[in-house]
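Protein chains in written order, with the numbering used here: chain A, 327 to 642; chain B, 1185 to 1597; chain C, 67 to 497; chain D, 190 to 439.
Yeah, the Cβ is synthetic: ideal placement off N, Cα and C, and Gly gets one too.
Heads up, the thing below is written out as structure tokens.
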Amino acid sequence: MLDVLIFATLNGLVTGLLLFMLASGLTLIFSMMGVLNFAHASFYMLGAYFAYSLSLYFGFWTGLIFAPLIVGVLGALVERYGLRRVHQAGHVAELVFTFGLAFLIEEAVQFFWGRDTKSYQSPDVLNFALFTLFGQEFSAYRGFMIAISVGIFIGLYYVLTRSRVGIIIQAAITHPNTVANLGHNVPLIFMGVFGVGTALAGVAGVIAGPVLTTFPGMATVLGSIVFVIVVIGGLGSLAGAFIASLLIGLLQSFAIASDVGMEDLLDLFGISFPYDHALADLWGLTLPQVAPILPFLLLVLVLIFRPTGLMGKREE
Amino acid sequence: MVILQTLVKKFGIWVAYLAVLLLLPQLFDSILAISIYNQMAIAIVFALSYNMLLGQGGMLSFGHAVYFGMGGFLGVHTLLMIENESVYFSVMWVPFIGGLFGLLCALFIGSFSTRKAGTVFAMISLGIGELIAASSLIFVDFFGGEAGISGDRTFGPTFFGVDFAQNIQIYYLAAIWTFIATIFMYLFTQTPAGRMANAVRDNPIRAEFIGYSARRVRFISFCAAGLFAGVAGGLFALNYEFITEENLNAATSGRVLLMAYIGGLGYFIGPIIGAVLLTLMNTLLSTYTDLWLLYLGILFLLTVMFLPRGFAGFIMMHQVAWLRGRLTSLIKPYLITGLPALVFLLGVVTLIELIHTEDETLSIWGLSLTPASVPTWIVLIAITGAAFYGIRRSLPQLREAWHAANKPDGEGN
Amino acid sequence: MTVPNITRMHETNMTSTRRFSLHTFLLVALFGLSGVAAAQDPIKIAFIDPLSGSFASIGNSGLKQLQFAAEYFYNSKGGVLGGRKLEIVPLDNKQSPTDTQIQFRRAVSEDIRIIFQGNSSAVANTLNATISRHNRRNPGQEVLQINYSAVDPILTEEECSFWHFRFDAHAIMKLNTLTDYIAMNPDIKKVYVIGQDYSFGHVVADNSVRLLKEKRPDIEIVGTEFHPIGQVKDFTPYVTKIVSSGADAVITGNYGADMVSLAKSIIDSGLNVPIYTFYAVYDGITATLGEGGKDRIFLVHNETSNPIPTEERKQFLRAFKAENPNFDVTQPRIINALQMVVAAIEKTKSTDPYDIALALEDMRFTNLSGEEMWMRGTDHQIFQSLHISMHTDEGIEFDADNSGYGLRTIFNVPAEETVVPTSCKMDRPRR
Amino acid sequence: MAILSLKDVHKSFGITHIIRGVSLDIEQGEKHAIIGPNGAGKSTLYHLISGLYSVTSGTIELKGEEIQNKPPYEISRRGLARSFQVTNIFPRMSVFENVRCALLWSRGFRYSFWHLLGRQGELNDCAMEVLSQIGLLEKASFPAGELAYAQQRALELGITIASGAEVILLDEPVAGMSHSEAENAVQLIRQITEGKTLVMVEHDMNIVFDVADRISVLVYGEVIASDKPAAIRGNQRVQEAYLGEVATHA
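This is the structure:
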């Protein structure tokens, strides 16, 4: 049992930190521009695909460095020539725009890279077991993933708290309206933040691609989850996003690790149902079965009972 | 005479609408044409119901397919009940049943999701949508797993000898239902609840200061939207005689958003345009090219960026110029910009197809190109570039002409 | 006026069938006319499978194989029934039941009577129901469903239909072979079953448990797990469970991305146990698994792969590869199906689905691999030898995804041993 | 008795104390002006009365019923209407629809989805009447968002009075208007609030002393004086606290 606990935690950590890399960018963008970027996970996918193409010719590490840059530039361009245009039409229009963008990017990826899964491999340098516990290896690459994520988190924290731009962004997070009056080149900052945010998503894609397989559906698998995290954590709250990411990551891996089901729950209350019952499916439910949809349940509950999220200040 | 005129003014458009619906099969009557009409009828009702949310009520939903699907599932279950004679009525009432169930779901979900509009509402709708879609694969008894459930519409009492075995019969039934649904959805916009929905969309705070609870107003439109989505679902059940999880998942929700948005939010006719357009794209364009989804995506983004009010909005834009009798002055500039724009469009599409094709020759617009040959590429790119330049050059003139046409005569802002 | 038009377009080659079917569509839609069958009209076969959207790669490769087979065996040799060409009309169903029915209606209005379909049992089931209804309501316009890879047993059991023929072994038959092979391995003591949470996944789980109980009572099922389709980001948590269960073999019915991710996670976790499965090959999967999956991924399938038994099949494979360098012959059953259907057409000198169906029933046919296949008349299920193959790069003459890796067949079950009883009560149309 | 009366109303956001115990009685039919320097809390007071904010302590009575902490729509239904400092209309609806919506509740339509507004002759006439009062008759079918500023202010007034509320709160009705526009606005206000109770926040002292028959001076969240205009002019504290600075303005 102990081994399960330990590895469930480790897996939860890996997923959680990965999710945070996406969530942090999304939160930054939202804090600055009030835009919930539906296409965020699509940039994550782009990151993976660019890294794959680069790795074919220059190896993994080049991909790790340049793919996020390319994605960031793309993001900046999208902001400059797409979002900025839609901005005056209001938030709904922006949300719809990013929604369409996600749709388009998925099609574009299939157009340029084809629809089959790409054999994007982790570098041989990291193809060894970091440590072996109870007969299960923890691959060095996963350790590397954790390292990168933590590194990003620290870097982000440093930039946000120490650097001048960071201060401005902080101000924007708490008082979105005042930034405009600060006399900074706000459009430029917006473009920058969007670029950086998407680049972060790109990094996530680069390091996740080899483990979570690189295929056109990888954005949709992750997309809505990241949304859930940002909303649960509280729109515009980095700390909230961090907590929510780990929460979701651990929640899922533990739910899968567990073996409890409806029956056990009902047994607690001494209730039991015949299996030919109309709702037999319900009694048959097990936690692992529903693990991947728990976040959405959480989302709905949070929004009903605490629309500002765990640590959020404002609702819109 | 005058009475006649007023009558025509009042009901002419509706009579025309009904006539079009009923006469379409006279125009094309192939099996395929009929099946396209059926899709259109369903899509129109569904898209209009979505417009009640986003267009009229300002509620952006990413989970509207839930009510469509729920209506459809109960519709098919009704077919099954009719088949094994646990109930006895004509299948023509299935859309009504579907509507009731859609309403029921909306009543429940709306009771907590309409508290706020904007992002919060959108996110709740997203979550609910995912939950229902997921559970539809888990609760096999009602949803039938990924294979869905299927029935047979030819049971139960016939309607004056019509047993609805043929799709054409279903189409006429669907046409009637679509007409009724459209009328009721239109009338809803003319009621206090409908008007206040617009008011709340525009300015919820102000609405509260003239005596209305924004939440209650939203709730009412939400339920109405659920009802008609359910009707559309019922029509789906009748037409296809089966329904699966895909009909209530995020993809379907996304498609209806596209329909309503491309057609034009806020204008009653908009979603109808969108529904017809997307149905045609889905059935026709997908025959031309397997890239049709890519084109759809591009079309959608362009609409959001350049026609925020959709196609209907684009038409309505010319109202002012028309009222001021200056519409004709726009024709020439439109042509000057339109022609290069068209060339540009064709050029881009050709290039995309050329990149994509795996065959040694690509047959498009009646001419056949060889991806291998460099000259082909050069010529194509040259033409496309030239067309783009043409657009850039002529755009200012168009803008000028536009302002000239819309400039209010005499004083005013 | 439009008739010469049609005949002219009939001469167009395979590459422009899309355009062709569009033109016909326009004619059909606009003038509601469906090409009047003349002696030299081609025999049209609809291919309804995903050609756009996320499942398109499988659909497109299937289409390539069908088109190539039609050219290779018949059109290049002067067609069938004395000169009638075969024409494959691709219809994109985006792997959606709804679009499948839309495309079915298009096929009917283009007067196509033979429909090839394979991907997703959900689609196959709805198509089966649709066709039965259509044929019942429109006598004289019947349509034939040639199912080349939907393996849900129900299609030849409760839901069996006179108009449906399956050219792939269904799930339980395959599981029989798979469990036979597992049972032979004395080292396997604990088996873990994991699958997607839908009907096929459950069929695999339930039956592998049942069959193993019969064949090797000593084998312990240490876990059966279901996960939602395409929802799982990272399979490592599941693998953790597998490891802690102490399993020394894994059975899964996963396909597509879920299959790859699962296999990858198992490999990453250093868990060195064999994975017994159905769909872990081709369309990028083989390339992705590569070295990691070597000698530990076992598939059950019909038609032997390396070594290829007959020269003619080798020629066919080479010819296909020459024309489609980026594709493989992933589903030989498509070719079998086409050959048997044509054989039936030639035998009855008719393209009427009813005649073809009767001719197909209990037909015995020797395929490219030189083995005899039998289409059972009572439930329209094909029977041929089944095989277990291993993912490896040794002794691979015909690889997959041009990756050097491919399947090597290591275990065979002759056709007669694959025969299973059926509960099918088919109601046959009277003529 | 007083139609609107505040008893020791307090409002604080966190630690900042905006309204520090305001008590005020406004009689039926009186024209009451509230003046005070910027940041005195005038708008906050309005938000408290109209239900946008909830009070920290104290009671607000409308026609003898406590209304503090009730949602705006309930207060509005009880016959209190207000306008806003920044124009607050329904921009995408027509001018006519703006006014008609404001009429709906008081005409008893509630959330009806079975009445067709086109058929409600009496309602529509009434809306037209309001439009003619505020002089926007010929703009009736115009999108409200495209009106000129002064016209939007007029529409704001129209929406406010349409419901026929007895108590009307106006928040700087002439702010940002040219002199002539202000003149007309004042005329309009006079005529449409005829026989009703009017509470008005306004900076332009000429207008205040012209319209109001009672004035309260709000300084730092407290009413330092509430009396007839003449008396206010004479009031010493008001002088130093406020009017002095205004005099220099005027």
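Paired residues, beta bridge with Gly261(C) - DSSP: BP columns for Gly261(C) point to Phe292(C).
Ser1470(B): contacting residues in chain C (beta-carbon distance under 7 Å): Ordered by position in chain C, the residues that pass the 7 Å Cβ test against Ser1470(B) are Ser118 and Asp158.
Euclidean distance between Cα positions of Thr1554(B) and Ile1562(B): Rounded to whole angstroms, the separation of the alpha carbons of Ile1562(B) and Thr1554(B) is 12 Å.
Per-residue DSSP class, three states only, for Gly1494(B): In this structure, DSSP gives Gly1494(B) a helical state, which the three-state scheme calls helix.
Cβ neighbours of Thr458(C) in the same chain (closer than 6 Å, five flanking residues each side left out): Within the same chain, and ignoring the five residues on either side of Thr458(C) in sequence, the residues whose Cβ sits closer than 6 Å to its Cβ are Lys360, Asp361 and Arg474.
Under 7 Å (Cβ pairs) to chain B, residues found in the stretch 338 to 362 of chain D: Taking 7 Å as the Cβ-Cβ cut-off, the stretch 338 to 362 of chain D approaches chain B at Ile348 and Ser352, given in chain order.
For Val330(A), three-class secondary structure by DSSP: Here Val330(A) sits in helix by DSSP.
Thr341(A) CB to nearest heavy atom of the ligand NAD below 6 Å: The ligand NAD is not part of the structure shown, which contains no ligands of any sort.
Simplified DSSP state of Asn320(C), which is helix, strand or coil: Asn320(C): coil per DSSP, three-state reduction.
Cut-off 7 Å between Cβ atoms - residues of its own chain near Leu486(A), not counting five sequence neighbours on either side: Taken in chain order, the residues that qualify are Gly492, Ile495 and Gln496.
Per-residue DSSP class, three states only, for Phe228(C): Coil.
Nearest-angstrom Cα separation, counted from Ala222(D) out to Pro397(D): The sequence as given places Val at residue 397(D); Pro does not occur at that position. For Val397(D) and Ala222(D), the distance between alpha carbons rounds to 6 Å.
CA nearest to the CA of His268(C), picked from Leu1321(B), Ser1557(B), Ala1317(B) and Glu1430(B): When Leu1321(B), Ser1557(B), Ala1317(B) and Glu1430(B) are compared, the shortest CA-CA separation from His268(C) is found for Leu1321(B).
Between the CA atoms of Pro495(C) and Ser265(C) - distance to the nearest angstrom: In a straight line, the C-alpha of Ser265(C) is about 30 Å away from that of Pro495(C).
Cβ pair Ala235(C), Tyr348(C) closer than 7 Å: The Cβ atoms of Ala235(C) and Tyr348(C) do not sit closer than 7 Å to each other.
Counted within 10 angstroms of its Cβ, other Cβ atoms place Ala1421(B) as buried (16 or more) or exposed: With 16 or more other Cβ atoms within 10 Å, it is buried.
Three CB pairs or more closer than 8 Å across the stretch 434 to 448 of chain C and the stretch 321 to 334 of chain C: Not touching, per the Cβ criterion.
Beta carbon proximity, Asn424(D) to chain B, threshold 7 Å: Interface criterion not met: the Cβ of Asn424(D) is under 7 Å from no Cβ in chain B.
Where Thr68(C) falls: helix, strand or coil (DSSP): For Thr68(C), the predicted structure reports a pLDDT of 34, less than 50, and the residue's modelled location is therefore unreliable. A value from the coordinates is still provided. Coil at Thr68(C), not helix or strand.
Cβ of Gly426(A) within 7 Å of any chain B Cβ: Closer than 7 Å to some Cβ of chain B, the Cβ of Gly426(A) qualifies, so yes.
The stretch 273 to 288 of chain D: positions lying closer than 9 Å to chain B by Cβ: Listed in sequence order: Phe273, Asn277, Ile278, Phe279, Pro280, Arg281, Met282, Glu286 and Asn287.
Member of Asp300(C), Gly312(C) and Val305(C) whose CA lies at the smallest distance from the CA of Ile285(C): Here the closest residue by C-alpha is Gly312(C).
Sequence-distant residues of the same chain with beta carbon closer than 8 Å to Ala401(D), five excluded per side: Counting only Cβ-Cβ distances below 8 Å, and skipping sequence neighbours, we find Lys220, His221, Ala222, Met389 and Pro418.
DSSP bridge partner residues for Tyr235(D) (one or two, in chain order): Residue pairing by DSSP leaves Tyr235(D) without any beta bridge partner.
Host beta strand (DSSP E) of Gln397(C) (start-end): Where Gln397(C) is concerned, there is no enclosing beta strand (DSSP E), given that its DSSP letter is neither H nor E.
Beta-carbon spacing of Pro621(A), Val554(A) below 7 Å: With contacts defined as CB atoms closer than 7 Å, Pro621(A) and Val554(A) qualify as a contacting pair.
Between the CA atoms of Asp418(C) and Ser100(C) - distance to the nearest angstrom: Reliability fails at Ser100(C), whose pLDDT of 42 lies under 50, so the model's placement of it is uncertain and the value that follows must be treated cautiously. Their backbone Cα atoms lie some 16 Å apart in a straight line.
Other residues of its chain near Gly289(C): CB distance less than 8 Å, five sequence neighbours each side excluded: Once the five neighbours on either side are set aside, the close Cβ partners of Gly289(C) are Tyr258, Val259, Ile260, Lys307, Ile308, Ser311 and Ala313.
Straight-line Cα distance separating Leu482(A) from Ala527(A): One C-alpha to the other measures close to 13 Å.
Given 8 Å, three or more beta-carbon pairs between the stretch 527 to 546 of chain A and the stretch 384 to 395 of chain A: These segments touch.
Beta carbon proximity, Gly1418(B) to chain D, threshold 7 Å: For Gly1418(B), the closest Cβ of chain D is not nearer than 7 Å.
Selected residue, minimal CA-CA separation from Gln578(A), among Ile332(A), Asn337(A), Leu328(A) and Val330(A): The shortest C-alpha to C-alpha distance from Gln578(A) to any of Ile332(A), Asn337(A), Leu328(A) and Val330(A) is the one to Asn337(A).
Simplified DSSP assignment, three categories, for Phe97(C): Only weak support is given to the placement of Phe97(C): the predicted model assigns it a pLDDT of 44, under 50, and the question is left unresolved by the model.
Pairwise C-alpha distance: Ala291(D) and Ser87(C): Legend: pLDDT at Ser87(C) = 45, less than 50; position of this residue unreliable, value from coordinates given subsequently. Ala291(D) has its alpha-carbon roughly 58 Å from the corresponding atom of Ser87(C).
Spatial distance of Val1186(B) from Gly1196(B) (CA atoms): Taking the straight line from one Cα to the other gives about 14 Å.
Rounded separation between Met1489(B) and Glu1544(B) - CA only: Spanning the two alpha carbons is a distance of roughly 37 Å.
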